[in-house]
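A.B. asks: Residue numbers (this note's numbering), protein chains in the order written: chain A, 1 to 628; chain B, 1001 to 1437.
C-beta atoms are modelled at their ideal positions from N, C-alpha and C, and glycine is treated no differently.
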């Protein structure tokens, strides 16, 4: 027995020693710890959703008479397969066009929303890449006028909560004759009636999403355009290749990874968007999830599972189509040679066109937000239509006491409304915590993965960190709702921060990974030879060198968190953070409050962005065109 | 040493016996509380919660405004009384109140003491049938003069709210019959039935024979009907049988529900519906919305409360004038502060100060008349001292009161048990119509 145990003990000791050697390297220890933490925080909430699909929900269809057989059939007394069976195999008989019609349950609750979700995601990708990509090219590779101004304004729709553009769309184009209700600004001012497909449904949802995510495409594609080595294009020019051919055969293939990155990121973000389809009346998986949670809670979770599967699918597509090095950014060498295309006289026309477009997507909403806060009733432009200057008010800002009369619904004016400022404070707290945690964890992941490029574990940690970003926000929100409710942390900042950190680590990890990849190992090795401890190497060598990229990794989670609704709307009450409060005011039709909050939010983000830019040189659009 | 151990053990035993003896279940607290006056409940609340944390969850954000007044009332008895309620009144979004309550009550960490909740259907099936929420009826409420007990006692209703048919009167169109709202070409504004489930409960209630009979009478008096409509109503008998609905006139209720679902124009909230209806450009537009929203309109060249007509206020209007749903008050089965919750519920339902946050609005009715404020002359001009003059400015603003709305206005009143009994089949039937339109 002793002789048999000896080799085993030796083998154990060898393994233990190997482990100890492995763990003594900081990057390995960090990777191990983060791998475990990320697996729990990413996978466990997903498991809770899957479990919810087979749970019995009192008051839901899975507890009603016709479900009883399924419950007793399998899985014991508290679990059931009824939700899956019913969704995919059962039918409902009701009325369509006065006729009695039988349809499958899936066709009502699943297929149409699923198709709509995929369509808006595809169209949003296409629109965002077209609009953002063209703009990125013009800003970085041509002699377009007003670059600095346009670059700053272009990112406004990304800073604004996404549904604000949807509400603006309604206010502009709705009309009594077409959509019902009262006339929007277009009818009131120009007597132009837009068709219904323009006002509601697939088209406006896709357009608004595309406008919202175009800055994303601009940042990703613009980054490559700016850093692209122009030698290849110049070679093509020397060989007398027509300009269009050079563009399609040389330039576009170079930005292909960035286009692919944009597609993957915008696709999942658009698919998970709740408020835009909700306001513009399109049934998608997200809106259906919310609608089904009353009577078909288990099946709503099935929809969330489907959204999660899309996240996995996108990750697989990403793995198949790009190598690890090329993932999502392609900041290449430091050639510094970039040719500027002369647009000739067209530069004024193109510039004017973009000034006009950004006026609609960036400036007009802000002007309308500002005007809205002085209207006596939401959307009541009497002072413009009838020229009555008295039909404006400062009540939305300056009412200092609780009043129900005159549309205040018991709310104090924005400047005196403690609930609004508390919600602002809540949002800032969550955003700062998320930015610090996601930024730090992401930077560490970027550093550790770059140090272990061939390690499978490093690749796993990297993918695990990126997975939540590829999953629709609503699905992540649902996962954390089920998880948070189960462990008693619903409506706490802890749950919001947890969800935000997990969702936004990729911003920092990708940016850190790419910057670390650019960093030669010799720099750190020199410090190691000098026996400089790890933390000192990080804080005094590595981070200072790549501070712009790293700070961007902190800045993006901060700003995204500030204007995020879909991820957080299921995790807290409406007064906890500013976006849930903003959503509440918009739903209630109290557009003056929501507009005022939007205005403050945008101004604060811009101030913050400028401040960080001045202090560190980093900003959302810096490095593309914003600083040129 | 043994002695010391024995003494400690004996002490522990005594303490545990004492603590078990003094521990009361929430049900026991309620049973005792139902025999106590408001003053006695206040005393119990002070003993229980002085210096402690209070959390509740509600559909109405106004719940949080009653808490400081409640604390002030207790401080009149004991000036040293404090209650930590800052941020303690939560208002979840997207119908998550039921999930939140379920998780809180079934979880290990109980936070919520009570709830102010709406949607009779889900309350019945998710909260009452499961025993997660417990009903408490204050003694003072039971004994209050003129209290409207029917439909308000179990579960205990804080108030009944009405949503009424209105239409923009700046055009030529008038709506004299409930069937006018579902006639060809109509698209009345209404909140989505899945975003505000009390709207779906209204549609369930329309199949109740009481309201289906009103629909039948209105249909017979309706000048706009044609053969197609007759055929539709006749064919609805088949649907009623499939859905397990009984009643002599259920086909009328069901036909109206079908036409309503096919036609209504979904809006995010009653606020935007009201803002739309009162404008001059919303000519001939109709809607079904919370009556009290009218209070929020400011008079301008574009918007006026005189641009709308409340359908049921027309002398020759036929049929239902809208529907009513309720805000219920209940304790959680695991309430950490049951005595305080009982005292607060009694305060809110039996005193004018406790109900003031809701009582200032027209269209909301407390079962105890003493809690109510008079809104029958809200449409009259007021002088500098706030006294009502004879100058009638906005006729639609004169609330005719709970009894009028129930009897003359023929409101469809939500009944939790009925809604829960038909929602299983009718919900899908409605969803299919709405999703296919």
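Leaving aside the five residues before and after residue 1389(B) along the sequence, list all residues of the same chain whose C-beta is less than 8 Å from its C-beta, in chain order.
C.D. replies: 1380, 1381, 1382, 1383
A.B. asks: Check the DSSP bridge columns for residue 1165(B) and list the partner residues they point to.
C.D. replies: 1288(B)
A.B. asks: When you compare the segment 1350-1370 of chain B with the segment 1185-1197 of chain B, are there three or more beta-carbon pairs, one atom per stretch, that lie closer than 8 Å?
C.D. replies: no
A.B. asks: Where residue 1434(B) and residue 1261(B) are concerned, what is the direct C-alpha to C-alpha distance, given to the nearest angstrom?
C.D. replies: 6 Å
A.B. asks: Can you list the residues of chain A that residue 1333(B) reaches, using a CB-CB cut of under 7 Å?
C.D. replies: Residues of chain A passing the Cβ test: none, with the nearest at roughly 13 Å.
A.B. asks: Quick one: list the residues of chain B neighbouring residue 391(A), beta-carbon separation under 7 Å, in chain order.
C.D. replies: Going along chain B in sequence order, the residues near residue 391(A) (Cβ under 7 Å) are 1300, 1301.
A.B. asks: Can you name the residues of chain B whose CB is closer than 7 Å to the CB of residue 386(A)?
C.D. replies: Per Cβ cutoff of 7 Å: 1301.
A.B. asks: Mind listing, in chain order, the continuous alpha helix (DSSP H) runs of no fewer than 4 residues lying wholly within the segment 7-55 of chain A?
C.D. replies: With a minimum length of 4 residues, the continuous alpha helix (DSSP H) runs that stay inside the segment 7-55 of chain A are 26-53.
A.B. asks: What are the residues in the segment 574-592 of chain A lying within 8 Å of chain B by C-beta distance?
C.D. replies: 574, 575, 580, 583, 584, 586, 587, 588, 589, 590
A.B. asks: Using CA atoms only, rank isn't needed, just tell me which of 1259(B), 1228(B), 1303(B) is closest to residue 181(A).
C.D. replies: 1303(B)
A.B. asks: Looking only at its own chain, which residues have a Cβ that is under 8 Å from the Cβ of residue 1218(B), when we skip the five neighbours before and after it?
C.D. replies: 1177, 1178, 1179, 1318, 1319, 1320
A.B. asks: How big is the Cα-Cα spacing for residue 1201(B) and residue 1209(B)?
C.D. replies: 15 Å
A.B. asks: Could you tell me which residues DSSP pairs with residue 1438(B) in its beta bridges?
C.D. replies: This structure does not reach residue 1438(B), given that chain B is present from 1001 up to 1437, and the question cannot be answered.
A.B. asks: Based on the DSSP output, what are the partners of residue 1365(B) in its beta bridges?
C.D. replies: 1160(B)
A.B. asks: Helix, strand or coil: which one does DSSP assign to residue 1090(B)?
C.D. replies: strand
A.B. asks: Quick check: the Cα distance between residue 588(A) and residue 482(A), rounded to an integer number of angstroms?
C.D. replies: 27 Å
A.B. asks: If you draw a straight line from the C-alpha of residue 605(A) to the C-alpha of residue 159(A), how long is it?
C.D. replies: Rounded to the nearest angstrom, the gap between the Cα atoms of residue 605(A) and residue 159(A) is 8 Å.
A.B. asks: List the residues of chain A that residue 1389(B) touches, going by C-beta distances under 7 Å, in chain order.
C.D. replies: Chain A residues near residue 1389(B): none, gap ~17 Å exceeds 7 Å.
A.B. asks: Please tell me whether residue 416(A) has its Cβ less than 7 Å away from any Cβ of chain B.
C.D. replies: False, the Cβ-Cβ gap to chain B never drops below 7 Å.
A.B. asks: Any C-beta of chain B sitting closer than 7 Å to the C-beta of residue 41(A)?
C.D. replies: no
A.B. asks: To the nearest angstrom, how far is it from the Cα of residue 108(A) to the Cα of residue 308(A)?
C.D. replies: Going by the C-alpha atoms only, they are around 21 Å apart.
A.B. asks: Quick check: what's the CA-CA separation for residue 120(A) versus residue 1253(B)?
C.D. replies: 38 Å
A.B. asks: Chain A partners of residue 1217(B), CB-CB under 9 Å?
C.D. replies: Simply none; closest approach about 23 Å.
A.B. asks: Expressed to the nearest angstrom, what Euclidean distance is found between the alpha-carbon atoms of residue 20(A) and residue 478(A)?
C.D. replies: Using only the alpha carbons, I get a separation of about 39 Å.
A.B. asks: Less than 7 Å between CB atoms is the rule here; does residue 1159(B) satisfy it with respect to chain A?
C.D. replies: No, residue 1159(B) does not count as interfacial toward chain A.
A.B. asks: I need the straight-line Cα distance from residue 1019(B) to residue 1346(B), nearest angstrom please.
C.D. replies: Summary for residue 1019(B): the model assigns pLDDT 44, below 50, so the residue's position carries little reliability, and this model does not support an answer.
A.B. asks: In its own chain, which residues sit with a C-beta less than 6 Å from the C-beta of residue 1225(B), not counting the 5 before and 5 after it?
C.D. replies: Result list for residue 1225(B): empty, nothing under 6 Å.
A.B. asks: For residue 712(A), which option in 1028(B), 1307(B), 1104(B) has the closest C-alpha, if you only look at C-alpha atoms?
C.D. replies: Outside the modelled stretch of chain A, which goes from 1 to 628, sits residue 712(A), for which no answer is possible.
A.B. asks: Between the C-alpha atoms of residue 1400(B) and residue 1247(B), what's the straight-line distance to the nearest angstrom?
C.D. replies: When rounded, the distance between both Cα atoms is 31 Å.
A.B. asks: Take residue 501(A) and list the residues in its own chain whose beta-carbon comes closer than 6 Å to its own, dropping the five residues that flank it on each side.
C.D. replies: 434, 437, 438
A.B. asks: For residue 516(A) versus residue 460(A), is the C-beta distance shorter than 7 Å?
C.D. replies: no
A.B. asks: I'd like to confirm the pairing. Which residues does DSSP put opposite residue 249(A) in its beta bridges?
C.D. replies: DSSP output for residue 249(A) lists no bridge partner at all.
A.B. asks: Which class does residue 1373(B) belong to by DSSP, given the choice of helix, strand or coil?
C.D. replies: coil
A.B. asks: Can you find a C-beta in chain A that's less than 7 Å from the C-beta of residue 1433(B)?
C.D. replies: It does: the Cβ of residue 1433(B) has a partner Cβ on chain A nearer than 7 Å.
A.B. asks: Looking only at DSSP bridge pairs, what is residue 1380(B) linked to?
C.D. replies: 1392(B)
A.B. asks: Distance cutoff 7 Å, beta carbons only. Does residue 472(A) sit that close to anything in chain B?
C.D. replies: no
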